[in-house]
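Asker: Going down the list, the protein sequences come from chains A and P.
The first sequence begins at 376 in this note's numbering and counts up by one.
The second sequence begins at 102 in this note's numbering and counts up by one.
Glycine included, each C-beta is placed from N, C-alpha and C at the ideal position.
This is the structure I want to talk about, given as structure tokens.
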Amino acid sequence: MPRANSKAVRRGIAKSPTGIQGLDEVTGGGLPRGRVTLVCGKAGCGKSLLAMEFLVHGAVLYGEPGVCMDFEETEEKLASNVASLGFDLPALAKAKKVLVDYVSVERSRITETGDYNLEGLFVRLEHAVKTINAKRVVLDSIEALFSELSDTRLLRAELRRLFRWLEDRKLTAVVTGEAGERTLTRHGLEEYIADCVISLDHRVTEQISTRRMRIVKYRGTAHGTDEFPFLIDSDGISVVPITSLALAHKASSERVSTGIPVLDEMMEGKGFFRGSSVLVSGTAGTGKSSLAASFTRAACARGEHCLYFAFEESPGQILRNMRSVGIDLERWVKKGLLHFHAMRPTSTGLEGHLSSVHKLIGQFRPSVVVVDPITNMIAASGSHDVKSMLMRLVDFLKVKQITSIFTNLTLGGDPLQKTAATVSSLMDTWIILRDSKPNGTPRRELYVLKSRGMAHSREPRELVVSRRGIELGRVRRNHPVATGIAGAEAVSGAEEGEWPK
Amino acid sequence: MAEIKRAAKVGKKTSSSRKRVPSKGVAAEFWQLRLYIAGQTPNSVAAVANLRKICEDQLKGQYRIEVIDLLEKPQLAKGDQIIAIPTLVRRLPPPIKKIIGNLSKTESVMVGLDLKPALK
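Structure follows, in structure tokens:
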């Protein structure tokens, strides 16, 4: 179950947690308590779902009963719509936790014969609120009234009165509105909502749909104006927040073995920092996955949980391949320490992947995460999004003190030049695997291009993947690193340092 | 209650002749009207008075008005899907018709109730 992030609640404005994963973090604790929030967007953007989650979570998790006045769906239809999320509306209604009142709006205009007001709606709402002692209210979508009543001036005045009425009763309300042509909502409801406006968007680029959320306005609360990607799945909405707006995560000085003794040796004899991010770049077949698997095995042997995201191969395939190089991962899968999650990179956008990565991490609580390979994740998205998305992921992992390994497939040539700079700059450690032919004999090499916060060896080692796993040897001296231009500086720096002459 | 039942029967029986617009004294149907108000507001008071006058003029002896004050019985608002106040619901003869407002525009009330054809 999602939790509210109490740490993020800021002083000053009281918040009502939505219980929607990520949204409470983004808003610093939820929606403004005792105020009206407008959620707007086009049809199918998820606004009704957001409203219902706010209502049901309120009733179930936070002890705040809620009333939904639904202008579109009947009680039965709404109940079956949200049943797939595990919400049992009839049971909640029976327990007097949630009350749904379907307000049928005539398609045609009603004959109007003189003055009137919307007191009927007020009476109904008040009756419903009193019946279950509601603290939360959803009006979805109140704009439907505009199709029934022709006097829009009166309607606007009445809506204004209704929002004030809700606030006078200290009800926390969510009002939904259909996106207009140039305005946030078709009938300009945003003009009446002073405290909080959230806009949802659903767009399809290159046949991959992405959903985004933007907090347009949130009075009294610092909020990011960024768009936050979100996902709708069987658990409802989850928002992928920027987990750390500042670089405030703590840096661990604890070290974890890489699972390869010589590689540990190359890194001050201790291995990676816990909670650091490691990028392994290399051309096809250089042993990237084997390296990640070695680390995974070592972590599992320490009793740590590992989450392995496979974007290229099925778990079965990975297990078989690793077995062939003497790395038995199956036993850790059976022990429940290693969990594979395989998905097609193009099945959803990058946001979608990140969203499910967040969710699985929340469920599985691993100490190690492997993304193999990250190249495919990048391929699923336009390149300009990649950096901010990856930054969010890396930040998220660091905050959770999860050590992460990303493999990166480079296509021919020098891996240094082929690895997107945007990716490598986010990583604490960058390991290069490549084929070389020093004496006409092809062989593989591994070297650590960078590793923040430690005096690591920059000497390339011969890498042999055999039935006994990954083994690293010493490269003969007369063949120093032949890196590209990008690597030249790092190498010259190393020459002055610890590189044995 | 008995009266409503009887009225429903009458309404059903005469539904074939209902298509013709009834005029004063011709309509054989029984008219059952329900007026929803919320407290004694000027609009509500006016609506009750306006409705009584129209009915006395047009439907003398063949109508019944039920005034429902939603402040007293809020649970009744849902049945007829009341949003606006005042709302007049023609329960009989069928079909059910809704008219909102204080019924001050007599002409449009009569059109709305099918007591008078709409102006072309």
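Whose Cβ in chain P lies nearer than 8 Å to the Cβ of N492 of chain A?
Answerer: N144, A185 and I186, listed in chain order.
Asker: By the criterion of Cβ-Cβ separation under 9 Å, what are the contact partners of G419 of chain A in chain P?
Answerer: Here the premise fails: no neighbours, minimum Cβ distance about 26 Å.
Asker: Mapping DSSP to helix, strand and coil, what is D703 of chain A?
Answerer: Residue state, collapsed to three classes: coil.
Asker: Which residue wins for smallest C-alpha separation from K174 of chain P, given the options A:L436, A:V498, A:L430 and A:S656?
Answerer: Among A:L436, A:V498, A:L430 and A:S656, the Cα nearest to that of K174 of chain P is on A:V498.
Asker: V210 of chain P versus chain A: which residues are under 7 Å apart at the beta carbon?
Answerer: The contacting residues are T488.
Asker: With a Cβ-Cβ cutoff of 7 Å, do L801 of chain A and L821 of chain A count as a contact?
Answerer: Cβ atoms of L801 of chain A and L821 of chain A: not closer than 7 Å.
Asker: Kindly provide the ranges of any alpha helix (DSSP H) runs that are 4 or more residues long and lie completely inside the segment 417-479 of chain A, ordered along the chain.
Answerer: Taking only runs of at least 4 residues, the alpha helix (DSSP H) segments lying wholly in the segment 417-479 of chain A are 422-436, 450-458 and 464-469.
Asker: Mind checking A532 of chain A: buried by the 16 CB within 10 Å criterion, or exposed?
Answerer: Label assigned to A532 of chain A: exposed.
Asker: Are the segment 549-557 of chain A and the segment 420-427 of chain A in contact at 8 Å, needing three or more beta carbon pairs?
Answerer: Flag = yes, the segment 549-557 of chain A and the segment 420-427 of chain A touch.
Asker: Are the CB atoms of T778 of chain A and V631 of chain A within a distance shorter than 7 Å?
Answerer: Yes, the pair counts as a contact, with Cβ atoms nearer than the cut-off.
Asker: Counting only beta-carbon atoms, is A166 of chain P nearer than 7 Å to chain A?
Answerer: The amino acid occupying residue 166 of chain P in the given sequence is Ile; Ala does not appear at that position. Chain A, which has no Cβ nearer than 7 Å to the Cβ of I166 of chain P, makes this no.
Asker: Could you say which of P:A148, P:R191 and P:G162 lies nearest to Q170 of chain P if we only look at CA atoms?
Answerer: Sequence inspection shows Asp at residue 170 of chain P; the Gln mentioned does not correspond to that position. Residue P:A148 is the option with its Cα nearest to D170 of chain P.
Asker: Does the CB of H562 of chain A have a neighbour CB from chain P at under 7 Å?
Answerer: So no, H562 of chain A is outside the interface.
Asker: Determine, using beta-carbon pairs with one atom in the segment 687-702 of chain A and one in the segment 763-773 of chain A, whether at least three such pairs fall under 8 Å.
Answerer: No, because fewer than three Cβ pairs between the segment 687-702 of chain A and the segment 763-773 of chain A fall closer than 8 Å, the two stretches do not touch.
Asker: Can you find a CB in chain P that lies within less than 7 Å of the CB of G394 of chain A?
Answerer: So no, G394 of chain A is outside the interface.
Asker: Please identify, using Cβ separations under 8 Å, the residues of the segment 444-476 of chain A that lie next to chain P, in order along the chain.
Answerer: From the segment 444-476 of chain A, only D476 have a Cβ closer than 8 Å to chain P.
Asker: Can the beta-carbon of E629 of chain A be found closer than 7 Å to that of H562 of chain A?
Answerer: Cβ distance not < 7 Å, so E629 of chain A and H562 of chain A don't count as in contact.
Asker: What did DSSP end up calling V615 of chain A once you bin it into helix, strand or coil?
Answerer: Residue state, collapsed to three classes: coil.
Asker: S479 of chain A touches chain P at which residues, Cβ-Cβ below 7 Å?
Answerer: Correct list: Q182.
Asker: What first and last residue would you give for the alpha helix (DSSP H) that runs through S779 of chain A?
Answerer: Segment T778 to L784 is the beta strand (DSSP E) holding S779 of chain A; no alpha helix (DSSP H) there.
Asker: Looking at chain P, is there any beta carbon in it that lies within less than 7 Å of the beta carbon of R535 of chain A?
Answerer: By this cut-off, R535 of chain A is not an interface position.
Asker: Just checking my contact of E687 of chain A with P748 of chain A at CB under 8 Å: how many whole Å lie between their CB atoms?
Answerer: With 8 Å as the limit, E687 of chain A and P748 of chain A qualify as a contact, their Cβ atoms being about 6 Å apart.
Asker: Leaving aside the five residues before and after L398 of chain A along the sequence, list all residues of the same chain whose C-beta is less than 6 Å from its C-beta, in chain order.
Answerer: These residues qualify, in order along the chain: V614.
Asker: Please report whether the beta-carbon of I485 of chain A lies at a distance below 7 Å from any beta-carbon of chain P.
Answerer: At least one chain P Cβ lies under 7 Å of I485 of chain A.
Asker: So which residues on chain A does P194 of chain P lean against when the C-beta distance must stay under 7 Å?
Answerer: Those within 7 Å of P194 of chain P in chain A number zero; the least Cβ separation is about 17 Å.
Asker: Excluding the five sequence neighbours on either side, which residues of its own chain have a C-beta within less than 6 Å of the C-beta of L216 of chain P, listed in chain order?
Answerer: So the list reads Q159, once near-sequence residues are dropped.
Asker: Is there a C-beta anywhere in chain P that falls below 7 Å from the one on G495 of chain A?
Answerer: Yes, G495 of chain A counts as interfacial toward chain P.
Asker: Return helix, strand or coil for D490 of chain A, following the three-state DSSP convention.
Answerer: The answer is coil: DSSP assigns D490 of chain A none of H, G, I, E or B.
Asker: Give me whichever residues DSSP pairs with H716 of chain A in a beta bridge.
Answerer: For H716 of chain A, which the question treats as bridged, DSSP gives the partners A:F684.
Asker: If distances are taken between C-alpha atoms only, which option among A:L524, A:E523, A:R809 and A:Y593 comes closest to T402 of chain A?
Answerer: If we check each option's Cα against that of T402 of chain A, A:Y593 comes out closest.
Asker: Between P123 of chain P and chain A, is the shortest Cβ-Cβ distance under 7 Å, so that the two count as touching?
Answerer: For P123 of chain P, the predicted structure reports a pLDDT of 47, less than 50, and the residue's modelled location is therefore unreliable. A value from the coordinates is still provided. So no, P123 of chain P is outside the interface.
Asker: Say whether chain A places a C-beta atom closer than 7 Å to the C-beta of L177 of chain P.
Answerer: So no, L177 of chain P is outside the interface.
Asker: Any contact between the segment 204-213 of chain P and the segment 504-521 of chain A? By contact I mean 3 or more CB pairs, one from each, below 8 Å.
Answerer: Output reads no: the segment 504-521 of chain A does not touch the segment 204-213 of chain P.
Asker: Note the first and the last residue of the continuous alpha helix (DSSP H) segment covering E834 of chain A.
Answerer: First-last for E834 of chain A: undefined, no H or E at that position.
Asker: Just checking, does the segment 603-610 of chain A make contact with the segment 635-643 of chain A on the three C-beta pairs under 8 Å criterion?
Answerer: Output reads no: the segment 635-643 of chain A does not touch the segment 603-610 of chain A.
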